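**Q** After the structure tokens below, expect a handful of questions from me.
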Amino acid sequence: MPIINSQVKPFKATAFKNGAFVDVSDADLKGKWSVVFFYPADFTFVCPTELEDLADNYAEFQKLGIEIYSVSTDTHFAHAAWHNTSPAIGKIQYTMIGDPTLAISRNFDVLIEEAGLADRGTFVINPEGQIKIVEINDGGVGRDASELLRKIKAAQYVAAHPGEVCPAKWKEGEATLAPSLDLVGKI
Numbered sequence: 001m002p003i004i005n006s007q008v009k010p011f012k013a014t015a016f017k018n019g020a021f022v023d024v025s026d027a028d029l030k031g032k033w034s035v036v037f038f039y040p041a042d043f044t045f046v047c048p049t050e051l052e053d054l055a056d057n058y059a060e061f062q063k064l065g066i067e068i069y070s071v072s073t074d075t076h077f078a079h080a081a082w083h084n085t086s087p088a089i090g091k092i093q094y095t096m097i098g099d100p101t102l103a104i105s106r107n108f109d110v111l112i113e114e115a116g117l118a119d120r121g122t123f124v125i126n127p128e129g130q131i132k133i134v135e136i137n138d139g140g141v142g143r144d145a146s147e148l149l150r151k152i153k154a155a156q157y158v159a160a161h162p163g164e165v166c167p168a169k170w171k172e173g174e175a176t177l178a179p180s181l182d183l184v185g186k187i
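At position 113 of the sequence shown the residue is numbered 113 (full-length UniProt numbering), and the sequence of numbers has no breaks.
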């Protein structure tokens, strides 16, 4: 089943955020733009570099009205322990969801069944709960928050400007395209 433009499937989980355990569900993703950011495991190598990059750029995401939810198959207790012992992870102010039942990872089709871990999956979800951007990386390939921000700005622009699309390498303020017969074969 195609995942782009599909609705986020229902889920409920416990997360760690700002020193507390909180309940999170698919309903929390509605009404605003969200990023659901899967990673394989706490206390690993590439994962903290990605999560720290998101933490360092969190204010920029917030300016765009975006909430970040990181997810691994670890428990919310492991997230709290990692947050309290790692300087990189200690910077995190966004929600860290525990998925020990593997249900959320299965819902987003990023579960590595034989390992019980999630792939590096990034999902950008619009306020209506539709998945607009999907990126899934091999375990050894880390992601870049600045590139994610660029893609989100493009998705938000397209959502706000029906009939316009953003070309490759588009950056905020640059020209967009209005698909038409006049452009066919001219780009």
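Cβ atoms here follow ideal geometry from the backbone N, Cα and C, with glycine treated the same way. Because the structure is a prediction, the values reported are computed rather than measured.
Is K17 helix, strand or coil by DSSP?
**A** Residue state, collapsed to three classes: strand.
**Q** Quick check on this structure: which residue in W33, L117 and I68 has the alpha carbon closest to the alpha carbon of residue 196?
**A** With the chain represented from 1 up to 187, any question about residue 196 goes unanswered, as that position is not in the structure.
**Q** Apply the 10 Å Cβ neighbour rule to S146 and answer buried if 16 or more other Cβ atoms are within range, or exposed otherwise.
**A** It counts as exposed.
**Q** Along the chain, which unbroken stretches of the beta strand (DSSP E) at least 3 residues long are found entirely within the UniProt domain "Thioredoxin" (2-157)?
**A** Listed in chain order, they are 12-17, 20-25, 33-38, 66-72, 95-98, 120-125 and 131-137.
**Q** Please name the residue or residues paired with M165 in a DSSP beta bridge.
**A** Checking the sequence shown, residue 165 turns out to be Val, not Met. Answer is L177, bridged to V165.
**Q** Counting Cβ pairs, one atom from each stretch, are 3 or more of them under 8 Å apart for the segment 64-74 and the segment 163-170?
**A** They do not touch, by the three-pair rule.
**Q** CB P40 to CB G139, shorter than 8 Å?
**A** Contact: yes.
**Q** Expressed to the nearest angstrom, what Euclidean distance is found between the alpha-carbon atoms of V22 and L54?
**A** Approximately 20 Å, taken between the alpha carbons.
**Q** Among residues of its own chain, excluding the 5 on either side of E172, which ones have a beta-carbon nearer than 6 Å to its beta-carbon?
**A** The answer, listed in chain order, is K153.
**Q** Mind the definition here: the segment 100-112 touches the segment 7-14 only if three or more C-beta pairs lie below 8 Å; say whether that holds.
**A** Contact between the segment 100-112 and the segment 7-14 is present, because at least three Cβ pairs lie under 8 Å.
**Q** What does the alpha-carbon distance come out to for the pair A87 and G19?
**A** Here the sequence assigns Pro to residue 87, which means Ala is not the residue at that position. Taking the straight line from one Cα to the other gives about 15 Å.
**Q** Excluding five sequence neighbours on each side, which residues of the same chain lie with their C-beta closer than 6 Å to the C-beta of W170?
**A** So the qualifying residues of the chain are A154.
**Q** Going by C-alpha distance, which of A15, K17, K30 and E60 is nearest E128?
**A** Minimum Cα distance to E128 is reached at K30.
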